[in-house]
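Numbering (our numbering), first residue to last: 8 to 345. Just so you know, even glycine gets a beta-carbon here, dropped at the ideal spot from N, CA and C. Computed from a predicted model, the values in this text were never measured in an experiment.
Structure (C-alpha cells):
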C-alpha cells in the first residue's frame, strides 16, 4: 500500500510543470495546489488502509498468546485548530490505542505502556516479536497512537506536537488503562520505547515521576537543540511547522521539549541503551542525557553498545545480540514490577 501511495506522489512532479504553464510565476497556481492536496489525501488514504490491514496481522502473529483489543479515548489536551473560534476549537483529540493481555490472565497484572517511535510513526505488527516476549513475562501492554501518528487520517497526522501535547496523550493512555482495565495493577506500571518512543518515555517519567514504577528508553531522542544541528533542513522544517520557529529562532522552546534539560526531575528507575553507530539518533544526544543525569546526581542504569550490528534498530531485530539485550531490559522491568 505504501508503495502505491509513493508512486502517486512521485507522479506529482510530472503534473506540476503542466499546471505551471497555465499560471504566472508571480501568482500561486491553484491547479498545482489542488494536485498537491490530492496527492496528500491519497497518500493518507492508503496509509489508513495499510494500518487497517496491519491491525489484522496482530491477531495472526500474536493471537495464540494474547487477547487483543482496540479502544478510543479522549485526550486531556485539545486539538490544534487553524480557527481558534471554530466549531471544533477546544475539543479533545480522539486517541486510538491497542491493548494486549496474556491469554488466560487471572487477577491483576503489571502493565507496560509501549510507546511507538517515529516522527510520524505508528504501532505496527513489526513489533510482534518484542510484544510476544513481554507477554511471556505476564505484562498487560497498552500501546497508544498519540497525535501525529500515521494511519488515522490527515487531520490526526497534522495534529503532531513533538514534545508537546503528544506527551500528555501517552500519559492519558496510562491513566485510562488504570481506570478502565480491571486486570491492571495501578501500582505496577512501567513505560518503554525506542527512538521517539524513548523520548516519550523520558518525557513521561520526568513529567509524572510518581505514575511509573520503571522505565526503559532505547536509543532515545534526548536533546532537540543538538538534534536540529545535525539533521537535514527538511527535518528541521517539520518541527518549524508545529512549533512555529526553528531552533535557532526559539532555543528555549526546543529546550523545554528536550528530556536532557529536565534530568533533575528523575525519580523513576530508568535504564537507557544507546549504540555508537546509530544512524538516526546520534550517540552524542544520549551521552548528553547520561551526563545530565549524572550531573544531577540521579541513580539510573545505562549501556553504550559499541558499533552493535543493526545501528539504530540493533536490539529490535532478530539477532542473538538483540535478544540478549532485550532480555536485559525485561530483567530490569521485572525487578520493579514483579
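Is residue 324 helix, strand or coil when you go by DSSP?
On the chain shown, residue 324 is found 317 positions in, with the first residue counted as 1. Three-state result, residue 324: coil.
Would you kindly work out how many angstroms separate the C-alpha atoms of residue 134 and residue 155, rounded to a whole number?
Against the chain shown, residue 134 aligns to sequence position 127. Against the chain shown, residue 155 aligns to sequence position 148. Cα to Cα, the separation comes out at about 19 Å.
Can residue 177 and residue 120 be called in contact, C-beta distance under 8 Å?
The residue labelled residue 177 in the question sits at position 170 within the chain shown. The residue labelled residue 120 in the question sits at position 113 within the chain shown. The answer is yes: Cβ separation under 8 Å.
Let's test the definition: count the other Cβ atoms within 10 Å of the Cβ of residue 338 and tell me whether it reaches 16, buried, or not, exposed.
Start at 1 with the first residue of the chain shown, and residue 338 comes out as number 331. Exposed, since its Cβ has fewer than 16 Cβ neighbours within 10 Å.
Please check the pair residue 191 and residue 262, which I expect to be a contact at CB under 8 Å, by giving their CB distance rounded to whole angstroms.
Counting from one through the chain shown, the residue named residue 191 turns up at place 184. Counting from one through the chain shown, the residue named residue 262 turns up at place 255. Incorrect: roughly 35 Å between the Cβ atoms, too far for contact.
How big is the Cα-Cα spacing for residue 228 and residue 293?
Along the chain shown, read from residue 1 onward, the residue named residue 228 stands at position 221. Along the chain shown, read from residue 1 onward, the residue named residue 293 stands at position 286. If you take the alpha carbons of residue 228 and residue 293, they lie about 7 Å apart.
Which residues in the same chain as residue 68 place their Cβ atom closer than 7 Å to its Cβ, once the five residues preceding and following it in sequence are excluded?
Taking the chain shown and counting its residues from 1, one reaches residue 68 at position 61. Within the same chain, residue 68 has close Cβ partners 132, 135.
In three-state terms, what does DSSP make of residue 201?
Looking up residue 201 in the chain shown gives position 194. DSSP places residue 201 in strand when its eight states are reduced to three.
Which residue's Cα is closest to the Cα of residue 206: 217, 234, 180, 52?
In the chain shown, the residue the question calls residue 206 occupies position 199. For the residues 217, 234, 180, 52, the minimum Cα distance to residue 206 belongs to 234.
Residue 222 versus residue 259 - alpha carbon distance
Reading the chain shown from its first residue, position 215 is the one you call residue 222. Reading the chain shown from its first residue, position 252 is the one you call residue 259. Each residue's alpha carbon lies about 26 Å from the other.
Using three-state DSSP, classify residue 31 as helix, strand or coil.
On the chain shown, position 24 is the one that residue 31 refers to. The pLDDT assigned to residue 31 is 46, lower than 50, so where the model puts this residue is not dependable; a value taken from the coordinates is nonetheless given after this. Coil at residue 31, not helix or strand.
Who are the near neighbours of residue 158 in its chain, counting only those whose CB is closer than 6 Å to its CB and skipping five residues on each side?
Translated into positions along the chain shown, residue 158 becomes position 151. Around residue 158: 54, 55, 58, 129.
Provide the residue span of the alpha helix (DSSP H) that contains residue 135, from first to last.
Position 128 of the chain shown holds residue 135. 135-143 is the extent of the alpha helix (DSSP H) around residue 135.
Nearest to residue 291 by CA position, among 272, 316, 312, is which residue?
As a first step, residue 291 is located in the chain shown; it is residue number 284 there, counting from the start. For residue 291, the nearest C-alpha among the options comes from 312.
Looking only at DSSP bridge pairs, what is residue 106 linked to?
By one-based count along the chain shown, residue 106 stands at place 99. For residue 106, which the question treats as bridged, DSSP gives the partners 76, 149.
So, helix, strand or coil for residue 257, using DSSP?
For this step, residue 257 is matched to residue 250 along the chain shown. Residue 257 falls in the coil class under three-state DSSP.
Touching or not, the stretch 239-253 and the stretch 180-191, by the rule of three or more beta carbon pairs under 8 Å?
no
Alpha carbon to alpha carbon, how far is residue 272 from residue 213? Give it in angstroms, no decimals.
In the chain shown, the residue the question calls residue 213 occupies position 206. In the chain shown, the residue the question calls residue 272 occupies position 265. So the alpha carbons of these two residues sit roughly 5 Å apart.
Give the secondary structure of residue 208 by DSSP, where H, G and I count as helix, E and B as strand, and everything else as coil.
Position 201 of the chain shown, counting from 1, holds the residue named residue 208. It is helical.
C-alpha gap between residue 28 and residue 248, whole angstroms:
The sequence position of residue 28 within the chain shown is 21, counting from 1. The sequence position of residue 248 within the chain shown is 241, counting from 1. Its pLDDT being 46, under 50, residue 28 is placed unreliably in this model, and the value from its coordinates should be taken loosely. Going from the Cα of residue 28 to the Cα of residue 248 covers about 29 Å.
Run through DSSP, which three-state label would residue 369 get?
This structure cannot settle anything about residue 369, because the visible part of the chain is limited to 8 through 345.
Among the candidates 161, 36, 113, 92, whose CA atom is the shortest distance from the CA of residue 52?
Counted from its first residue, the chain shown places residue 52 at position 45. The shortest C-alpha separation from residue 52 is found at 161.
Specify, as a first and last residue, the run of the alpha helix (DSSP H) that residue 185 falls within.
As a first step, residue 185 must be located in the chain shown, where it is residue number 178. Note, residue 185: alpha helix (DSSP H), 172-187.
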